[in-house]
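Visitor: Quick one: structure below, then a few questions.
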Amino acid sequence: MVRYFYIMLLGLTLCFAEAPQIRVTVDRNKIYEGDSVTLTVSVENGSGYPQLNISDIQDFQVISGPNQSSNMQWINGAVSSTHSMVYVLTPMKKGDLSIPALTIRADGKTYKSEAIDITVYERKAQFTQGKQEGAPETKYFLEASVDKLNPFRGEQVTLTYTIYTQVDISGFDIKKEPRYQGFWTEDLYTPRNLQLREVVREGVKWYSGTVKKIAMFPTQSGSLSVEPLTAVLGIRSDDRSQRGFFSNMFATTRNYTLSSNSLQLEVQSLPPNAGKISAAVGDWTVSSQITSNEIKQNDAITLTIRLKGRGNLQSIDIQDIDFPDEIEFFDPTINVEAHPQGDLIAGTKTIEYVLIPRKAGTIKLPSVELVYFDPQRKQWRTRATQPIALTVSPGDRSYSNEIGFTKKEVSLMGQDIRFADHRKPEWRRTDAGLISPRAGTLLFTAVLFFFAPWYINYNQSRLAATAGSRQAKRALKSALGTMKIPTSDPATDYRNIQSALTIFQNLKENTQKERSSGEIIQTFKSHGINEDLVLKIEGILKRGDAVRFAPASKEASKTDFETMIKMLKDLDHGWSIN
Amino acid sequence: MKSIALILGIFILGTGFVKGDEVENRYHRGMEAVETGQFNLAVQEFERILQSGWESSSLLYNLGNAYFRQNNIAGAVWAYEKCLELDPGFQDAIYNLSLVNLKVKDRVDVPPAPMYLQFYRHLKQQFTPDRWVFICSVWLVLFTVFRMIRIIKRWDQIRAMKITEHIFVVLLILSVLISAHAINDDLRIKQGIIYSDSVTATSEPKSYSTPLFEVHEGLKVIVIDQIQDWVEIRLIDGKTGWVSEREVRLLQE
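Residue numbers (the numbering used here), protein chains in the order written: chain L, 1 to 578; chain P, 1001 to 1253.
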């Protein structure tokens, strides 16, 4: 029952509620550059927060928001609610600016607000208040200032942010720092608690305090700008009429967003320096120190170079040192100690080289040069240390333990190369094989030669072993050589026949003896010669024996001669070895 | 015998190429440039001769000198090393290489080898593989002649002759072994010289792989592998890594 009562009450409430009302307001219409306005878009009696697009606002930059707030009141039975979107805007220029009409959507309906005019006065007019008609009375502002607007590249510029106020400040918080594009920066001072002191500017009394101090070193020449710094300032309210019982006990604080002025610097480039390249700027001195002037070869010593002065400590550097060849050196260790002198960056940079002399004798370390630009004198300056003489006695070791030179190598130091070779070059192809034709040929010949004795020996043995057979093979040829052509004398022809047969048989049997006709016949028979052939030979030999006692006809002797030539070939074929 | 003569003839003629006058002319121009201190021109002429496919120890030595005068450490080391490959006994090249090696930033130390190994290496490096083959051939011929004389003269029973013959055999075997080792080394081991000021060797043949160690110009390295544009190098202390092929000039091209 109770539940139904509440539902009815809510329904009645909604029925009697008013239609939504849109309000677009700003807290101030007249401000100075760097100051801010608060834009509030609220919906009264709406069911939710308004929806709007603020990209149409061209003259202002949103530095905070949207922040949402809601409020509901029940007065004399009437319920009213307010939903607000709050933006903090800062002007992007001075003059008569406006927040254009905004399109706002609430409870499904679209509304159009009216444009709001805002006058932005020049920043420096703050100090001449009252003289400018309509200008608001300013109570606080944030100022950025530099000690020089035309520095040289690399020269220190000190940037100071100062708050000026005529009201009670309860807090100060830096919201957005510039990017400092084109500068290398280092923080000099940021207070934990804001300390204000009384100052008079343009005849007006202010309380001022430094909120930040930065050392800037331009890294390029030309026109460089420093964007505004944005901060939130807490101010105690002095509106006593609105204070209640508890308000009197706890002061009300309201936050205001404000920006500093931007700065424009014209950075001068460094004048040309003959020969030596350096980026160092400031006022510097250089000194060097060695751990000992008398050492042993291959022992380590430390060369310490100190650069002391004012300027960019990180970028200051010496000229390259041309150490003698007899000295081995390692990459240096670098240590930076800052000792600021007031607002100026200053300190000492220590460069330590570990040196190992690799040769005995007197070695001279060259002077160390520091080239820098002095912006006070507007000229390049060179500072140099005195050269250092080292007396190096011979070491105990011939080799260094790590990466040193041998004694032989050290003895070569300082020597010059042997010069041109004027001999006639022995050309060879770059793609020629490993072994030259000459060496290859010689090797081949040598191997052949190496086997020659064996070959000769083998050949001789073989010849000796086959002498008989080779002689036998020669028998026919030798016998035929004896019987070339028949003569006119039958007795001579028959003698030649007997002689040929004797040679034939001697060569076949490897003998040297005279043979009678009977012995010849007997020998043929013993070597398996055909009987018919033997009989024919026997006939011829008998006729030859008879010629000695009775002459024979030429025709008969010629026939026997030619028959014997033919028979010799048959004899050679038919000859068998016993 | 005819066939042997034919093979020898082909072997000798097949390896011979005709060297044009252009090579000699370039060499003379290069030498004149050396004499007049125009080392840039000298390097240009000498390198052109190498590109045309001809080389000599004198050419490489003079090229090394020209590079040295230009303060091109890597070029000088490469030329002297290449010169000593052709003529290991070239004393002036050995001396100049020692001088230029003093300017090489990287010094890799290895423990000294045993004496016998040092002696062997020293002996092997006295001659090129080609010269070792020549020496082998000479020993073989001398041994054969000596043996033939001993057999013909029937000096078998003379003790001094036997000892001399054994000495010949030992020398022959030693020179054959050294020749084989030298030829094997030459065919198997590729070396090169780091040609860039500073090179970082990486664990893989890729530009984004882990850097392992840094080497500098003039360092002699062993090339153990090659993949596309990358070569794997090994230092004499055993470190291995990959570098771009462009950073190394090979000695055996």
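No residue lacks a Cβ here, since even glycine has one placed at the ideal position from N, Cα and C.
Treat the numbers as computed from the prediction; the structure is a model and nothing was measured.
Mark P:Val1163 as exposed unless 16 or more other C-beta atoms lie within 10 angstroms of its C-beta, in which case mark it buried.
Guide: Strictly speaking, residue 1163 of chain P in this sequence is Ile, with Val absent from that position. When all chains shown are included, P:Ile1163 counts as exposed.
Visitor: Tell me, please, which residues DSSP counts as bridged to L:Leu89.
Guide: The partner list for L:Leu89 (beta bridge, DSSP) reads L:Val37 and L:Val62.
Visitor: Just checking, does the stretch 21-34 of chain L make contact with the stretch 62-73 of chain L on the three C-beta pairs under 8 Å criterion?
Guide: Flag = no, the stretch 21-34 of chain L and the stretch 62-73 of chain L do not touch.
Visitor: Which residues, taken in chain order from the stretch 428-450 of chain L, show a beta carbon closer than 9 Å to some beta carbon of chain P?
Guide: Residues passing the 9 Å Cβ filter: Arg428, Arg429, Thr430, Asp431, Ala432, Gly433, Leu434, Ile435, Ser436, Pro437, Arg438, Ala439, Gly440, Thr441, Leu442, Leu443, Phe444, Thr445, Ala446, Val447, Leu448, Phe449 and Phe450.
Visitor: Is it right to say L:Pro151 is buried, meaning 16 or more other beta carbons lie within 10 angstroms of its own, or is it exposed?
Guide: L:Pro151 is buried by the Cβ-count criterion.
Visitor: Taking 8 Å as the CB-CB cut-off, is P:Val1023 touching chain L?
Guide: So, interface residue.
Visitor: Can you say whether L:Gly309 is buried or exposed, counting buried as having 16 or more other CB atoms within 10 angstroms of its CB?
Guide: Classification of L:Gly309: buried, given that the 10 Å Cβ count is 16 or more.
Visitor: Whose C-beta lies closer than 6 Å to the C-beta of L:Ala552 among residues of the same chain, with five residues either side of it excluded?
Guide: Only Pro490 meet the Cβ criterion.
Visitor: By the criterion of Cβ-Cβ separation under 7 Å, what are the contact partners of L:Ile417 in chain P?
Guide: Per Cβ cutoff of 7 Å: Asn1065, Phe1068, Asn1096 and Leu1099.
Visitor: For P:Cys1136, collect the residues of the same chain with a Cβ closer than 6 Å to its Cβ; drop the 5 residues on either side in sequence, then sort them by chain order.
Guide: If we look at P:Cys1136 and ignore the five residues flanking it on each side, its Cβ neighbours are Ser1175, Val1176 and Ser1179.
Visitor: To the nearest angstrom, how far is it from the Cα of P:Gln1091 to the Cα of P:Tyr1061?
Guide: P:Gln1091 and P:Tyr1061: Cα-Cα distance of roughly 11 Å.
Visitor: Check this for me: beta carbons of L:Ala389 and L:Lys364, under 8 Å apart or not?
Guide: The answer is yes: Cβ separation under 8 Å.
Visitor: Output yes if chain L places a C-beta closer than 8 Å to the C-beta of P:Glu980; else output no.
Guide: A question about residue 980 of chain P goes unanswered here, because the residues of chain P that appear run from 1001 up to 1253.
Visitor: For L:Ala279, name the three-state secondary structure that DSSP assigns.
Guide: Three-state result, L:Ala279: coil.
Visitor: Once the 5 residues before and after L:Lys176 are set aside, which same chain residues still bring their CB inside 6 Å of it?
Guide: Closer than 6 Å at Cβ, skipping near neighbours: Thr230.
Visitor: According to DSSP, which residues form a beta bridge with L:Met216?
Guide: Beta-bridge pairing links L:Met216 to L:Val157 and L:Thr185.
Visitor: By alpha-carbon positions, which one of P:Asp1087, P:Asn1101 and P:Glu1055 ends up nearest to P:Phe1068?
Guide: That would be P:Asn1101, whose Cα lies nearest to the Cα of P:Phe1068.
Visitor: Write down every uninterrupted run of the alpha helix (DSSP H) in the stretch 410-476 of chain L whose length is 4 residues or greater and which is fully enclosed by it, in chain order.
Guide: For the stretch 410-476 of chain L, whole alpha helix (DSSP H) runs of length 4 or above, ordered along the chain, are 437-465.
Visitor: Would you mind working out which of P:Ile1193, P:Ile1227 and P:Glu1204 sits nearest P:Ala1076, comparing C-alpha positions?
Guide: When each option's Cα is compared against that of P:Ala1076, the closest is P:Ile1193.
Visitor: Thinking just about the alpha-carbon of each residue, which of L:Arg423, L:Val88, L:Tyr32 and L:Val120 is nearest to the one in L:Asp96?
Guide: Checked all of L:Arg423, L:Val88, L:Tyr32 and L:Val120; the closest Cα to L:Asp96 is L:Val120.
Visitor: Around the Cβ of L:Lys212, are there at least 16 other Cβ atoms within 10 angstroms (buried) or fewer (exposed)?
Guide: So L:Lys212 ends up on the buried side.
Visitor: Are L:Ile521 and L:Glu509 closer than 8 Å when you measure CB to CB?
Guide: Contact: no.
Visitor: At 8 Å on the CB atoms, spell out the chain L contacts of P:Leu1177, in chain order.
Guide: By Cβ distance, chain L contributes nothing, its closest Cβ being about 15 Å from P:Leu1177, past 8 Å.
Visitor: Which residues in chain P have a C-beta closer than 8 Å to the C-beta of L:Arg515? List them in chain order.
Guide: Simply none; closest approach about 41 Å.
Visitor: Taking the Cβ atom as the reference point for each residue, do P:Tyr1195 and P:Ala1074 lie within a distance shorter than 8 Å?
Guide: Contact flag set, yes.
Visitor: Can you confirm whether the stretch 330-344 of chain L touches the stretch 105-115 of chain L when touching is taken to mean that 3 or more C-beta pairs between the two stretches lie within less than 8 Å?
Guide: Contact fails: fewer than three Cβ-Cβ distances are below 8 Å.
Visitor: Let me know the secondary structure DSSP gives P:Arg1150 once reduced to three states.
Guide: In this structure, P:Arg1150 counts as helix in the three-state DSSP scheme.
Visitor: Evaluate contact between the stretch 351-371 of chain L and the stretch 308-328 of chain L, counting only Cβ atoms and requiring at least three cross-stretch pairs below 8 Å.
Guide: These segments touch.
Visitor: At 8 Å on the CB atoms, spell out the chain L contacts of P:Ser1056, in chain order.
Guide: Ordered by position in chain L, the residues that pass the 8 Å Cβ test against P:Ser1056 are Pro425, Glu426, Trp427 and Arg428.
Visitor: Using the beta-carbon of each residue, which ones in chain L are nearer than 7 Å to P:Arg1147?
Guide: By Cβ distance, chain L contributes Pro453.
Visitor: Put L:Tyr353 into one of helix, strand or coil per three-state DSSP.
Guide: Of the three classes helix, strand and coil, the one that applies to L:Tyr353 here is strand, per DSSP.
Visitor: Using a beta-carbon distance below 8 Å, is P:Gly1089 in contact with chain L?
Guide: No, its Cβ sits nowhere closer than 8 Å to a Cβ of chain L.
Visitor: Look at the Cβ atom of L:Val371, then the Cβ atom of L:Trp380, and state whether they are nearer than 8 Å.
Guide: Yes; because the gap between Cβ atoms is below 8 Å, this pair is in contact.
Visitor: My output table needs one value for L:Thr348: the three-state DSSP class, helix, strand or coil.
Guide: Reduced to three states, the DSSP call for L:Thr348 is strand.
Visitor: The beta strand (DSSP E) that contains L:Asn335, what's its start and end?
Guide: Element bounds for L:Asn335: Thr333 to Ala338.
Visitor: What does the alpha-carbon distance come out to for the pair L:Val26 and L:Leu313?
Guide: Rounded to whole angstroms, L:Val26 to L:Leu313 spans 49 Å at the Cα level.
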